[in-house]
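Just so you know, numbering that gives the first Met the number 0 puts the end of the sequence shown at 342, numbered straight through with nothing missing.
Ideal placement from N, C-alpha and C gives every residue a C-beta, glycine not left out.
Nothing here was measured: the structure is a model prediction, and the numbers come from that model.
Data first, discussion second: the structure below is written as structure tokens.
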Amino acid sequence: MKYRVEIKPSGHRYELPAGETVLAGAIEASINLPYGCKNGACGACKGKIIAGQVDYGEYQASTLTEEEKQNGYALFCSAKPLSDLVIECREVSELGSVRPKIVPVRLQTKEKLNHDVMAIYLKLPSHEKLHFMAGQYIEFITKDGLRRAFSLANPPHQDEFLELHIRHVDGGKFTDYVFNQMPEKTILRIEGPLGSFFYREGSQKPIIFLAAGTGFAPIKGIIEHLIFKGIDLPMTLYWGVKSLEDFYLLNLPKAWANMHPNFKFIPVLSEPKSTDGWTGRTGNVHQALLEDMSDFSKVDVYACGAPAMVQAAFNSLHERGLPPEAFFSDAFTYAKPAPNVAK
Ligand SMILES: Cc1cc2nc3c(=O)[nH]c(=O)nc-3n(C[C@H](O)[C@H](O)[C@H](O)COP(=O)(O)OP(=O)(O)OC[C@H]3O[C@@H](n4cnc5c(N)ncnc54)[C@H](O)[C@@H]3O)c2cc1C
């Protein structure tokens, strides 16, 4: 049994089997709907059902409210058609025909960047190449069916290795494995590139980057891509962590600021320790931005990190004039447990 989906305003159409999500069918049909976590937690794939019925699937209640459902909204990563559908959403035309694929990778090296962040470098087989946009992510697929998402920290022009910044999550099955076992040369399976967090070319607006913790990873990839391309729009990076020990690669954004007059770096600590001797900005990272600017109607914002930061940033910047289509984000949600796999 198949259902037909028509997308407004593009008029694109595709078919998908019963039981498949609207997003999975679109990916299969090479149609680029926006998405982030793919598990109903980040809201990046939210769109409107103009006609037809869906099973809304599993999602986090805070991501899709009852009121939004009443108004016709659904999360396309979770919603499964129960009839033919007409949906409305903005497609991500920049992704073109690049499709995610599943490939094996070999762990080349791991390097501890601070007390709880590890950089890992992955090598693809010599005949494989991953065509990705700076800022996208990959998913590890483990033997017992776990999928874990991590952002690519390298820009596409430096693709000898895929670079990831992995924060150790207390009690986290995969990150525990990365930190405490996973020897070099381990072969892993990944799927990628995924997601719609990447730089949108063509806009001439100043860019603000908001990173929380390892949300710095994809933003590093994007900034390195922009520097490589010689794009000299005004850019400001706000990077927030709890205390000084949580920063890593701090010399990198400092070097970008020294070398590029159009680039400004503002590090922010939310809970500096007395021993940190911190004289810089404090508080939540998006609050630091709000203190510095009142009107966001003429900037593009790229935000990445904890879901609470991404959501709070969107709400407060939107209130101060940021159009929704000028806000690009990846929320680092936790993965959904795989069926029959205990967390
Ligand atoms: C698009 C995307 C990109 C990402 N990129 C990065 C990245 O570049 N770097 C990075 O460090 N992380 C990134 N993440 C986050 C990363 O995927 C998760 O931290 C991942 O789930 C960790 O896997 P794990 O198996 O170690 O921990 P998990 O098993 O997923 O969870 C570990 C612990 O968290 C608890 N937990 C699970 N769910 C929740 C919840 N909803 N609320 C509170 N606690 C919970 C569990 O009980 C457990 O104790 C990204 C996430 C997404 C969606």
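Just the Cα atoms here: how many angstroms apart are glycine 201 and leucine 225?
On the sequence shown, position 202 is the one that residue 201 refers to. On the sequence shown, position 226 is the one that residue 225 refers to. Linking glycine 201 to leucine 225 through their CA atoms gives a straight-line distance of about 12 Å.
Any heavy atom of ligand 1 inside 8 Å of the beta-carbon of alanine 354?
Beyond the ends of the chain as shown, which are 0 and 342, falls residue 354; an answer cannot be given.
Extent of the continuous beta strand (DSSP E) run through methionine 117:
Locating residue 117 in the sequence shown gives position 118, counting from the first residue. Unbroken beta strand (DSSP E) run through methionine 117: 116–122.
Please report the straight-line C-alpha distance between lysine 1 and isoleucine 221, rounded to a whole angstrom.
Position 2 of the sequence shown, counted from the first residue, corresponds to residue 1. Position 222 of the sequence shown, counted from the first residue, corresponds to residue 221. Approximately 39 Å, taken between the alpha carbons.
Near ligand 1: isoleucine 140 beta-carbon under 8 Å from a heavy atom:
If you number the sequence shown from 1, residue 140 lands on position 141. Answer for isoleucine 140: no, Cβ out of range of ligand 1.
Using the three-state DSSP reduction, which class does proline 260 fall into: helix, strand or coil?
In the sequence shown, residue 260 corresponds to position 261, counting from 1. Here DSSP, grouped into helix, strand and coil, assigns proline 260 to coil.
Just checking isoleucine 218 against ligand 2 - is the residue's beta carbon closer than 8 Å to any of the ligand's heavy atoms?
You won't find ligand 2 in this model; what it holds is ligand 1.
Taking the alpha-carbon positions, what's the alanine 152 to methionine 181 distance?
Indexing the sequence shown from 1 puts residue 152 at position 153. Indexing the sequence shown from 1 puts residue 181 at position 182. Distance between the alpha carbons of alanine 152 and methionine 181: 20 Å.
Considering only residues of the same chain and omitting the five flanking positions on each side of asparagine 257, which have a CB-CB separation below 7 Å?
Residue 257 sits at position 258 when you count from the first residue of the sequence shown. There are no such residues.
Coarse secondary structure for lysine 342, derived from DSSP in three states:
Stepping through the sequence shown from its first residue, residue 342 is reached at position 343. For lysine 342, the pLDDT reaches just 29, beneath the cut-off of 50, and the residue's location in the model is therefore unreliable, although a value from the coordinates is still provided. In this structure, DSSP gives lysine 342 a state outside helix and strand, which the three-state scheme calls coil.
Output the distance between the C-alpha atoms of serine 77 and serine 29, rounded to the nearest integer angstrom.
To locate residue 77, count along the sequence shown from 1; it is residue 78. To locate residue 29, count along the sequence shown from 1; it is residue 30. Looking at the two C-alpha atoms, the distance is approximately 18 Å.
So what does DSSP say about glutamine 286, is it helix, strand or coil?
Taking the sequence shown and counting its residues from 1, one reaches residue 286 at position 287. Secondary structure at glutamine 286: helix, using DSSP grouped into helix, strand and coil.
Go ahead and pull the three-state DSSP assignment for glycine 171.
On the sequence shown, residue 171 is found 172 positions in, with the first residue counted as 1. Here glycine 171 carries a coil assignment [DSSP, helix/strand/coil].
Secondary structure at histidine 130, three-state DSSP: helix, strand or coil?
As a position in the sequence shown, residue 130 is number 131, starting the count at 1. Assignment of histidine 130 by DSSP, reduced to helix, strand and coil, places it in the coil class.
Closer than 8 Å is the cut-off here; do at least three beta carbon pairs connect the segment 297–312 with the segment 326–336?
Between the segment 297–312 and the segment 326–336, the count of C-beta pairs closer than 8 Å reaches three or more; the two stretches touch.
Short of 6 Å in beta carbon distance, which residues of its chain neighbour asparagine 283, apart from the five on each side in sequence? Order them along the chain.
For the purposes of this step, residue 283 is taken as the residue at position 284 of the sequence shown. Ser269, listed in sequence order.
Cβ-Cβ distance between tyrosine 34 and leucine 193 below 9 Å
Within the sequence shown, residue 34 is the residue found at index 35, counting from 1. Within the sequence shown, residue 193 is the residue found at index 194, counting from 1. Yes; because the gap between Cβ atoms is below 9 Å, this pair is in contact.
With burial defined as no fewer than 16 other Cβ atoms inside 10 Å of the residue's Cβ, what is the status of lysine 92: buried or exposed?
Position 93 of the sequence shown, counted from the start, is the residue given in the question as residue 92. For the record, residue 92 in the displayed sequence is serine; it is not lysine. Under this definition serine 92 is an exposed residue.
Put threonine 62 into one of helix, strand or coil per three-state DSSP.
On the sequence shown, position 63 is the one that residue 62 refers to. Secondary structure of threonine 62 (DSSP, three-state): coil.
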